[in-house]
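Enquirer: Protein chains in written order, with the working numbering: chain A, 7 to 226; chain B, 7 to 226. Each residue gets a CB set at the ideal place from its N, CA and C atoms; glycine is no exception.
2 protein chains.
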Amino acid sequence: MTDQSYHHGKLREALLARATESIEEAGVEGLSLRQLARDLGVSHAAPGKHFRDKQALLDALALDGFRAMNARIIGASEAAGDHRSRFVRIASAYVDFAVSHPVLLAVMHSTKHHPDASDELRSIGEDGLRVARALIAEAMDAGELASGDCEMLALVCFVSLHGAAVLAAGNLLDGTSIDSLTVATTDLLWAGMIAGIPATQEAPGAVHEPLRELTRRHES
Amino acid sequence: MTDQSYHHGKLREALLARATESIEEAGVEGLSLRQLARDLGVSHAAPGKHFRDKQALLDALALDGFRAMNARIIGASEAAGDHRSRFVRIASAYVDFAVSHPVLLAVMHSTKHHPDASDELRSIGEDGLRVARALIAEAMDAGELASGDCEMLALVCFVSLHGAAVLAAGNLLDGTSIDSLTVATTDLLWAGMIAGIPATQEAPGAVHEPLRELTRRHES
DNA sequence: CCAGGATGTAGTCATTGACAACAATGTAGC
DNA sequence: GCTACATTGTTGTCAATGACTACATCCTGG
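#1: In three-state terms, what does DSSP make of D45(A)?
#2: Cα separation between D59(A) and M146(A)?
#3: For chain A, is any of its Cβ atoms less than 7 Å away from the one on M146(B)?
#4: Answer yes or no: does any C-beta atom of chain A fall closer than 7 Å to that of T117(B)?
#5: Where does S98(B) land, buried or exposed, given buried means 16+ other C-beta within 10 angstroms?
#6: Pick from A201(B), V34(B), G202(B), G149(B): whose alpha carbon is nearest that of H115(B)?
#7: Please report how far the alpha carbon of D122(A) lies from the alpha carbon of D155(B), in whole angstroms.
#8: If we cut at 7 Å on Cβ distances, does A197(A) have a partner in chain B?
#9: May I ask you to verify whether the region 119-139 of chain B touches the region 35-46 of chain B, counting CB pairs closer than 8 Å and requiring at least 3?
#10: Would you please verify whether the beta carbon of G176(A) is less than 7 Å from any beta carbon of chain B?
#11: Looking at A138(A) and F164(A), is the spacing between their C-beta atoms short of 7 Å?
#12: Is the CB of H89(B) under 7 Å away from at least one CB in chain A?
#13: Between the alpha carbons of A85(B) and A190(B), how many angstroms are there, rounded?
#14: Is the CB of A201(B) under 7 Å away from at least one CB in chain A?
#15: Determine the extent of the alpha helix (DSSP H) in which K60(B) is found, giving its start and end residues.
#16: Please state whether the Cβ-Cβ distance between P230(A) and L22(A) is less than 7 Å.
#17: Output yes or no for whether 7 Å exceeds the beta carbon distance between L69(B) and A25(B).
#18: Give the C-beta separation of L151(A) and L194(B) to the nearest angstrom, bearing in mind that I take them to be a contact with Cβ-Cβ under 8 Å.
#19: Kindly list the residues whose CB is nearer than 7 Å to the CB of V109(A), restricted to its own chain and excluding five residues on each side of it in sequence; keep chain order.
#20: Does the CB of G36(B) have a neighbour CB from chain A at under 7 Å?
#21: Counting contacts by CB-CB distance shorter than 7 Å, is A170(B) in contact with chain A?
#22: Let's test the definition: count the other Cβ atoms within 10 Å of the Cβ of G211(B) and tell me whether it reaches 16, buried, or not, exposed.
#23: E144(B) to S83(B), Cα distance in whole Å?
#24: Any idea what DSSP makes of S116(B), helix, strand or coil?
#25: For L159(A) and I130(B), I'd like the C-alpha separation in whole angstroms.
#26: Measure the Cβ-Cβ separation of A197(B) and V101(B) and say whether it is below 7 Å.
#27: Using C-beta distances below 6 Å, list every residue in its chain close to N76(B), excluding the 5 sequence neighbours before and after it, in chain order.
#28: If we define contact as Cβ-Cβ less than 7 Å, is M158(B) a contact residue for chain A?
#29: Going along the chain, which residues of its own chain have a beta-carbon closer than 6 Å to the beta-carbon of A201(B), five neighbours each way excluded?
#30: Exposed or buried, G15(A), counting other C-beta atoms within 10 Å across all chains shown (16 or more means buried)?
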């Protein structure tokens, strides 16, 4: 190999790979461009040639993360089986990814929420939602689910599974196995969609207080 | 006022209050102990007397955040109304808090997930779950909901609402109002709990592949 | 063969978190 | 009153970091 030549050759890929390892080991806070460079045996400024700044690297990590996650979700959605089992399988794929790469998942979300995230990032972050919508629409057409606002139902499912994934990633479920939580969640959601939503009475409306107690609390 | 005396007097409270503002303005990354000190007109090392390091300050922020959030959730759970509307109100309280303090919420969770989080932090982070469980058990006893694993159902509801809160905080719901999502989520969950879960068939089991494509992807 | 872009290097700067030594303040016990 | 002492804040310092600039090396195409 000519790996010791002046040019690393695949520095960008190596940086991403090493960064992926690093964040899961030491968290995002522990990620240092200079340390990354040292790990790979290049100068401290070399990463700058591939990523304008640290955020740019995180953006790239997030993008890769979404690609990998979406691939699994889409793969799960295309597996054989009835609607319900495919639904569960999609959920498992999502949760599984979250558990395997908790820190990456956090980076993915915080990056997507960043005000100046790329359009690609914003879009790819919602593929999961699209998959859920397609499956629900299909099951609804087949008469398996009560008719309803397909778009909104998909969003609710996505949101719920997202919550399960995040909490699973955080290892926040003492005593409850992640798999059984996933099953319980999909079961409850599916049961709700079979039954349909009785009355769409308007919400009492969140109070939307200015909520100053958070800062005022420190005065007494 | 003797505010210009040698001792600030309430530096700890002032630091927390200013930090609370700062993170919502500039994110956690933008939080600097030295900048905080400058904002408050104290020396750069003064914060160190109250918080051993930056993480200690974040821990305190998270603790305060949970306290404020739990107070609202508990308040909502104690409001008058039938079980269902109280359920919706609890959800609204949670989501409302998330929308008002998105960055703080992220800090709260990442801090709680930190391996050496205090016991108090871990415990207080699950008060929301306790409230949900109490309400569901009550409604179930009243015969309003189908009987089932009360503990697990509460967890599922908590997880789902958490997901809604997180995504709402991230402003991730283009086109969908947060309030309507909250209503739709609580509706679906409630409908599912009324109907009950038909068959508790075992999950197909997540595949749990070693998932190396995330790093291998960079080789082709 | 050489012109120029891509990639990596060396050097530098301000900022940051953390620490240590010291000073001012308040307080408890005598 | 007065002195020991813990608390709280200050100044000084250090290594590490992200970001920038100028420069070196390599590769490719004309």
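Expert: Looking at the coordinates:
#1: Position 39 of the first sequence, counted from the start, is the residue given in the question as residue 45(A). Assignment of D45(A) by DSSP, reduced to helix, strand and coil, places it in the helix class.
#2: For the purposes of this step, residue 59(A) is taken as residue 53 along the first sequence, with counting starting at 1. For the purposes of this step, residue 146(A) is taken as residue 140 along the first sequence, with counting starting at 1. Looking at the two C-alpha atoms, the distance is approximately 47 Å.
#3: Numbered from its first residue, the second sequence carries residue 146(B) at position 140. Not closer than 7 Å to any Cβ of chain A, the Cβ of M146(B) fails to qualify, so no.
#4: Taking the first residue of the second sequence as 1, we reach residue 117(B) at position 111. Residue-level contact check: T117(B) does not touch chain A, since none of the beta carbons of chain A fall below 7 Å from its beta carbon.
#5: Numbered from its first residue, the second sequence carries residue 98(B) at position 92. S98(B) is buried by the Cβ-count criterion.
#6: Mapped onto the second sequence, residue 115(B) falls at position 109. Looking at the Cα atoms, V34(B) is the closest of the given residues.
#7: The sequence position of residue 122(A) within the first sequence is 116, counting from 1. The sequence position of residue 155(B) within the second sequence is 149, counting from 1. Computed Cα separation, rounded: 44 Å.
#8: Walking along the first sequence from the start, residue 197(A) turns up at place 191. Yes, because at least one Cβ of chain B sits closer than 7 Å to the Cβ of A197(A).
#9: As far as the Cβ criterion goes, the region 119-139 of chain B does not touch the region 35-46 of chain B, which means the pair count is below three.
#10: Taking the first residue of the first sequence as position 1, residue 176(A) is located at position 170. Interface residue, yes.
#11: Along the first sequence, read from residue 1 onward, the residue named residue 164(A) stands at position 158. Along the first sequence, read from residue 1 onward, the residue named residue 138(A) stands at position 132. The Cβ-Cβ distance between F164(A) and A138(A) falls below 7 Å.
#12: To locate residue 89(B), count along the second sequence from 1; it is residue 83. Not closer than 7 Å to any Cβ of chain A, the Cβ of H89(B) fails to qualify, so no.
#13: Position 79 of the second sequence, counting from 1, holds the residue named residue 85(B). Position 184 of the second sequence, counting from 1, holds the residue named residue 190(B). In a straight line, the C-alpha of A85(B) is about 21 Å away from that of A190(B).
#14: One-based indexing of the second sequence puts residue 201(B) at position 195. With 7 Å as the cut-off, A201(B) counts as an interface residue toward chain A.
#15: Locating residue 60(B) in the second sequence gives position 54, counting from the first residue. Its alpha helix (DSSP H) spans residues 60-83.
#16: Given that chain A is displayed from residue 7 to residue 226, the structure contains no residue 230(A) and the question cannot be resolved.
#17: Reading the second sequence from its first residue, position 63 is the one you call residue 69(B). Reading the second sequence from its first residue, position 19 is the one you call residue 25(B). Between L69(B) and A25(B), the C-beta spacing is not below 7 Å.
#18: In the first sequence, counting from the first residue as 1, residue 151(A) sits at position 145. In the second sequence, counting from the first residue as 1, residue 194(B) sits at position 188. Not a contact, Cβ separation roughly 11 Å.
#19: Locating residue 109(A) in the first sequence gives position 103, where the first residue counts as 1. Same-chain partners within the cutoff: I29, E30, G33, V34.
#20: As a working mapping, residue 36(B) is identified with position 30 in the second sequence. No - not a single Cβ of chain A is within 7 Å of the one on G36(B).
#21: Walking along the second sequence from the start, residue 170(B) turns up at place 164. It does; some Cβ of chain A falls within 7 Å.
#22: Position 205 of the second sequence, counted from the start, is the residue given in the question as residue 211(B). Summary for G211(B): the model assigns pLDDT 46, below 50, so the residue's position carries little reliability; its value from the coordinates is reported in the next sentence. Exposed: under 16 other Cβ atoms inside 10 Å.
#23: Translated into the one-based positions of the second sequence, residue 144(B) becomes position 138. Translated into the one-based positions of the second sequence, residue 83(B) becomes position 77. Each residue's CA atom was taken as its position, placing E144(B) and S83(B) some 12 Å apart.
#24: Numbered from 1 along the second sequence, position 110 holds the residue referred to as residue 116(B). Residue state, collapsed to three classes: helix.
#25: If you number the first sequence from 1, residue 159(A) lands on position 153. If you number the second sequence from 1, residue 130(B) lands on position 124. Distance between the alpha carbons of L159(A) and I130(B): 31 Å.
#26: The residue labelled residue 197(B) in the question sits at position 191 within the second sequence. The residue labelled residue 101(B) in the question sits at position 95 within the second sequence. It is not a contact, given that the beta carbons lie outside the stated cut-off.
#27: Taking the first residue of the second sequence as 1, we reach residue 76(B) at position 70. Hits under 6 Å: D133.
#28: Here residue 158(B) is taken as the residue at index 152 of the second sequence, counted from 1. Yes, M158(B) lies at the interface with chain A (some Cβ there is under 7 Å from its Cβ).
#29: For the purposes of this step, residue 201(B) is taken as residue 195 along the second sequence, with counting starting at 1. Contacts found: none.
#30: Counting from one through the first sequence, the residue named residue 15(A) turns up at place 9. Taking a 10 Å sphere around the C-beta of G15(A), we find fewer than 16 other C-beta atoms and assign the residue as exposed.
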